[in-house]
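Note that our numbering numbers the sequence shown so that position 237 is 237, with each residue one more than the last. Contents: one structure, followed by commentary.
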Amino acid sequence: MISVITVTYNNYYDLHRTLASLENVEGIENVVINGGDCEKTKKLLHDFEGILISEPDRGISDAFNKGVIAANGENMMFLNSGDVLLSPEYLKEAETVMSFNPDISFVHSDSLFEDRISGIIYMEPLKSILFSEAPLGRGMPYNHLTMVIRRSVFEKIGLFKLHYKITMDFEWVCRLQKNKLMGHYLSGKPVVQMDGGGVSSTTEQLVMWESFKALIENRLLNPKNILGIIERSILYLGRILLETLGMTGTLGWLKRKKHNSTWQRSNVLELKNNHPTVKSLPKHIFPDVSSLSRSISSQKIIGLNGLLIHDYPTGLSRYSYELIHRMLTQFKGNTIAYSTSPELTKEFPESTNSSVPPFHYPANFRSNSVRLSWEQVGLRYACYKDKLDLLYSPIAEGILFPQLPQVITVHDLLPFHYPSLLPRWVPYYEYFLPAIIRGSAAVICVSEFTRQEILERYPRVPEEKLKVIHGGADLNRFRPC
1 MISVITVTYN
11 NYYDLHRTLA
21 SLENVEGIEN
31 VVINGGDCEK
41 TKKLLHDFEG
51 ILISEPDRGI
61 SDAFNKGVIA
71 ANGENMMFLN
81 SGDVLLSPEY
91 LKEAETVMSF
101 NPDISFVHSD
111 SLFEDRISGI
121 IYMEPLKSIL
131 FSEAPLGRGM
141 PYNHLTMVIR
151 RSVFEKIGLF
161 KLHYKITMDF
171 EWVCRLQKNK
181 LMGHYLSGKP
191 VVQMDGGGVS
201 STTEQLVMWE
211 SFKALIENRL
221 LNPKNILGII
231 ERSILYLGRI
241 LLETLGMTGT
251 LGWLKRKKHN
261 STWQRSNVLE
271 LKNNHPTVKS
281 LPKHIFPDVS
291 SLSRSISSQK
301 IIGLNGLLIH
311 DYPTGLSRYS
321 YELIHRMLTQ
331 FKGNTIAYST
341 SPELTKEFPE
351 STNSSVPPFH
361 YPANFRSNSV
371 RLSWEQVGLR
381 YACYKDKLDL
391 LYSPIAEGIL
401 FPQLPQVITV
411 HDLLPFHYPS
421 LLPRWVPYYE
431 YFLPAIIRGS
441 AAVICVSEFT
451 RQEILERYPR
461 VPEEKLKVIH
471 GGADLNRFRP
481 C
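Next comes the structure, spelled out in structure tokens:
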């Protein structure tokens, strides 16, 4: 029997997606380790038929270890919250191979990966430019979530180490290879679809640093692995350079070519954000504005700043996506969105310019700096190249001293209220935002409170420039609790 271990932390929609892919799979034991306190997750797991441990943990490593200890199967597989099992047959094949080959410690295969730039790409075991078989210095050699592992392997080399916050699986594989435990590769088709929003996929610098420490700790820092580290670092710096230059289209093409994958778009976001059991409230409780007539001169072109939209939009990213999506629909032919959003690119390929720096989630200093810098250079040039008549930004960002009318949106001035939580944004709100406001033709405030706060904080801003427009609600997506 295979025990499928799933760890989750306040991740209701992704957990639902993962468990749904395991519902009708026979011959497995489901093990869920819930380290969060989300009420929806608790309700989802109330009638869960499997092993459930719902208690605080000390991180991903600790949660993995709890799953291994609690599992009863002779073989184990990790399917994290948000990942999907595509091939139940693979589990049977893996068990068959391992039952007839006692010297094989694990079986692994191919997967699909939801990449933030390239869409869904096909992932085989890691390959190297310099070597026929990729060294550990090049990175994780196997698709970890496809690995079906014997329980005896954990008994021999131990559990995951708690001081590794992200690359605990890589360090564990270092011990696997150090003990000369061999696996078997089952090729043919992808067996798991991996969620591209996982921790390790969004913090690559920390991943590389922890991987380096794992090699040192296991005394595997040999010349071959050092060359692998150099190769990995060069490829990483190349990706960063292309993103910084706004050449995400080129980067996406290179990734698809590398993985021999066709350009695909994922419906995962729709599944995540539109849970089938959620019902919308009757629409008559809100004013009906769908019949209002809106038009724009056929000669006018509006640019839409969608740089903040990422693959898992919440907050301002969600606001930006919903608003820009509606403007592209309503004013088709008169709007251009500057965004790497896969959904916008797929639905409005002729009206979306994706050759812009992607927003890294969670946000960090580098991604914010790249975006703000590109707005002053790349976005300014795009306004000229695309002959825009107006630039609209659904966030408090824009061009300094623009050469065309610009409208920005200010939601709040939180950095002034919580400087210890948002220290890097204080200088921006203190010096750059007032200059951008003064250079804008109009400023949308989402509340009267925000409008009054802007007037008090920035006394040089003309009062008539500030317009209050409250946010709306999509009743097909949201409802009161």
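For glycine and all other residues, C-beta sits at the position ideal for the given N, C-alpha and C. Only a predicted model underlies this, so the values are computations on that prediction, with no experimental measurement involved.
message: Would E375 and L307 qualify as a contact pair, given that the criterion is a beta-carbon distance under 8 Å?
response: yes
query: For the beta strand (DSSP E) that P190 lies in, which residues bound it at each end?
result: G183 to M194
- prompt: Which residue comes first and which comes last in the alpha helix (DSSP H) that contains S54?
  reply: Unbroken run through S54 is the beta strand (DSSP E), I51 to S54; no alpha helix (DSSP H).
query: Counting only runs that start and end within the stretch 208-256, where is the beta strand (DSSP E) found for 3 or more residues in a row?
result: none
query: Got a sec, what are the start and stop residues for the beta strand (DSSP E) T6 sits in?
result: I2 to T8
- request: Tell me whether the beta-carbon of V207 lies closer than 8 Å to the beta-carbon of T167.
  value: yes
field: Proximity below 8 Å, CB of S81 to CB of D14
entry: yes
field: Inter-residue spacing [alpha-carbon to alpha-carbon] between S109 and L186
entry: 5 Å
query: Fully enclosed by the stretch 335-393, which alpha helix (DSSP H) runs are 4 residues long or longer?
result: 342-347 and 365-385
message: Closer than 8 Å is the cut-off here; do at least three beta carbon pairs connect the stretch 39-54 with the stretch 145-162?
response: no
query: What does a CB cutoff of less than 6 Å around W425 pick up in its chain, not counting 5 residues either side in sequence?
result: P415
- prompt: Relative to the alpha-carbon of N179, which residue among M123, K213, V148 and R219 has its alpha-carbon at the smallest distance?
  reply: R219
- prompt: Going by Cα to Cα distance, which pick from N10, A435, V68 and L79 is closest to S152?
  reply: V68
- prompt: Quick one: what does DSSP say F286 is sitting in, helix, strand or coil?
  reply: Unreliable placement is indicated for F286, whose pLDDT of 36 sits below 50; the coordinate value is still reported in the next sentence. Three-state result, F286: coil.
- prompt: Are the beta-carbon atoms belonging to G228 and S128 less than 8 Å from one another?
  reply: yes
message: Taking 8 Å as the cut-off, does the stretch 28-35 touch the stretch 94-107 (at least 3 CB pairs, one atom from each stretch)?
response: no
query: F113 lies in the beta strand (DSSP E); which residues open and close that run?
result: F106 to D115
message: Tell me the residue span of the alpha helix (DSSP H) that contains A442.
response: Unbroken run through A442 is the beta strand (DSSP E), A442 to C445; no alpha helix (DSSP H).
- request: Give the single residue among S21, G27 and N11 whose Cα lies nearest to the Cα of G36.
  value: N11
Alpha-carbon to alpha-carbon, Y381 and I120: 31 Å
message: Restricting to Cα atoms, I'd like to know which of T409, S447, L323 and V407 is closest to A473.
response: L323
field: Beta-bridge pairing of V468 - partner residues as DSSP gives them
entry: C445
message: My assumption, with CB atoms under 8 Å, is that Y392 sits in contact with G303. Please give the rounded CB distance.
response: 7 Å
message: Going by DSSP, what residue range makes up the beta strand (DSSP E) through L304?
response: I302 to N305
message: Tell me which residue opens and which closes the alpha helix (DSSP H) that E89 is part of.
response: P88 to F100
- request: Output the residue ranges of the alpha helix (DSSP H) runs that lie fully inside the stretch 132-167 and measure 4 residues or longer, sorted by chain position.
  value: 151-157
message: DSSP three-state label for I129, please.
response: coil
field: Inter-residue spacing [alpha-carbon to alpha-carbon] between P357 and G252
entry: 12 Å
query: DSSP state of V32, grouped into three classes?
result: strand
field: For R175, the nearest candidate out of G158, P459, G188 and I399 (CA to CA)
entry: G158
field: N-terminal and C-terminal residue of the alpha helix (DSSP H) that N65 is part of
entry: I60 to A70
- request: Going by CA-CA distance only, name the one from H46, T450, S111 and A214 that's closest to V410.
  value: T450
- prompt: What are the residues that DSSP puts in a beta bridge with N75?
  reply: I2 and R150
task: Please report how far the alpha carbon of V407 lies from the alpha carbon of P313, in whole angstroms.
output: 22 Å
task: Could you name the residues of the same chain whose beta carbon sits closer than 6 Å to that of L221, not counting the 5 residues immediately before and after it, in chain order?
output: L215
- prompt: Are the stretch 36-46 and the stretch 130-140 in contact at 8 Å, needing three or more beta carbon pairs?
  reply: no
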